[in-house]
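J.: Can you read through this structure? Questions will come right after.
Following this line, the structure appears as structure tokens:
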């Protein structure tokens with residue numbers, strides 16, 4: 001029995017302050033040890049974060065496309081609303097600055113997500129006959145997350161852009177039919 | 178019964194960059210959702226969308242379950258010659274739909 005470690009409770013230092021007295025009167029803990037609170041908060045947040053962690057899956061999917069080439073920021077514009085009410089249909093536009101000529105054009109546009117069940121969204125193959133490297137579509141989002149668009153040029157360069165979105169009603173939760 | 182909506186100009190100047198929009202009715206069932214009986218609804222999506230201009234492919238898109246139901250795609254093309262723009266969707270359960278629009282390039 002002696003071996004059980006007893007974590008000493010934070011002793012209230014001095015008398016309760018007025019707002020703490022009112023908390024105690026409502027049956028709440030008037031004073032919370034800051035360290036214990038932070039530890040508790042971490043414990044309650046961590047399992048949630050690990051349960052749906054697929055940023056690694058997204059990184060792996062990107063690696064599959066890009067290989068060992070360097071990805072540069074810029075040239076790509078990823079346009080989607082920052083706050084999404086309904087994750088079932090989210091308008092998304094990817095545009096890439098490119099002359100779209102025979103010698104220099106965007107060969108492919110890849111879009112990835114972090115927290116849907118699968119990291120792929122779409123892969124589009126383009127060419128000089130497109131004139132403009134712009135693709136728009138509507139996607140599903142299962143959670144608030146980061147979306148990454150990667151453009152591959154005919155010269156073998158990779159450019160990327162990313163956007164963080166907040167989703168209030170996630171897709172794929174129930175069968176609405 | 179498949180319904181397709183295509184928005185493309187009927188005429189264009191040679192060399193002009195035109196916008197093409199295509200929408201198709203399709204559930205895009207992800208294969209991750211349980212149905213009313215509690216069992217997972219099998220995946221049923223369109224896997225590929227292609228567009229060709231007089232037989233020359235101008236766009237090829239591989240879609241995933243993360244594309245919203247009734248997939249909508251908008252893209253651009255250079256008007257090169259008069260003829261036919263063909264849109265083709267293929268997917269699970271033998272889904273294959275083709276739709277063409279005529280365009281006059283002057």
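Residue numbers (the working numbering), protein chains in the order written: chain A, 1 to 177; chain B, 178 to 283. Every residue gets a Cβ at the ideal spot worked out from N, C-alpha and C, and that includes glycine.
Using the rule of at least 16 other Cβ atoms within 10 Å of the residue's Cβ for burial, across every protein chain shown, is residue 223 (chain B) buried or exposed?
T.: When all chains shown are included, residue 223 (chain B) counts as buried.
J.: Is residue 93 (chain A) near residue 134 (chain A), with beta carbons less than 8 Å apart?
T.: Yes, the pair counts as a contact, with Cβ atoms nearer than the cut-off.
J.: Taking the beta carbon of residue 145 (chain A) as the centre, do at least 16 other beta carbons fall within 10 Å, making it buried, or is it exposed?
T.: Buried: at least 16 other Cβ atoms inside 10 Å.
J.: Just how far apart, CA to CA, sit residue 198 (chain B) and residue 277 (chain B)?
T.: Spanning the two alpha carbons is a distance of roughly 12 Å.
J.: Is any beta-carbon of chain B found at less than 8 Å from that of residue 69 (chain A)?
T.: Residue 69 (chain A) does not count as touching chain B.
J.: Does residue 259 (chain B) have its Cβ less than 8 Å from a Cβ in chain A?
T.: Judged by the 8 Å Cβ criterion, residue 259 (chain B) is not in contact with chain A.
J.: Rounded to a whole number of angstroms, what is the C-alpha to C-alpha distance between residue 81 (chain A) and residue 170 (chain A)?
T.: Rounded to the nearest angstrom, the two C-alpha atoms are 14 Å apart.
J.: By the three-class DSSP mapping on this structure, what secondary structure does residue 269 (chain B) have?
T.: Three-state DSSP puts residue 269 (chain B) in a helix.
J.: Tell me, please, whether the CB atom of residue 269 (chain B) is closer than 8 Å to any CB atom in chain A?
T.: Residue 269 (chain B) does not count as touching chain A.
J.: Determine the chain B residues that contact residue 132 (chain A) at a beta-carbon separation under 7 Å, and present them in chain order.
T.: Neighbours of residue 132 (chain A) on chain B, chain order: 194 and 253.
J.: Can you tell me the Cβ-Cβ gap for residue 109 (chain A) and residue 151 (chain A), rounded? I've got them flagged as a contact below 8 Å.
T.: With 8 Å as the limit, residue 109 (chain A) and residue 151 (chain A) qualify as a contact, their Cβ atoms being about 5 Å apart.
J.: Is the shortest distance between the beta-carbon of residue 277 (chain B) and the beta-carbons of chain A less than 8 Å?
T.: No, no contact with chain A.
J.: Which residues does DSSP list as the beta-bridge partners of residue 120 (chain A)?
T.: DSSP output for residue 120 (chain A) lists A:112 as bridge partner(s).
J.: Kindly list the residues whose CB is nearer than 7 Å to the CB of residue 220 (chain B), restricted to its own chain and excluding five residues on each side of it in sequence; keep chain order.
T.: So the qualifying residues of the chain are 206, 207, 208, 242 and 269.
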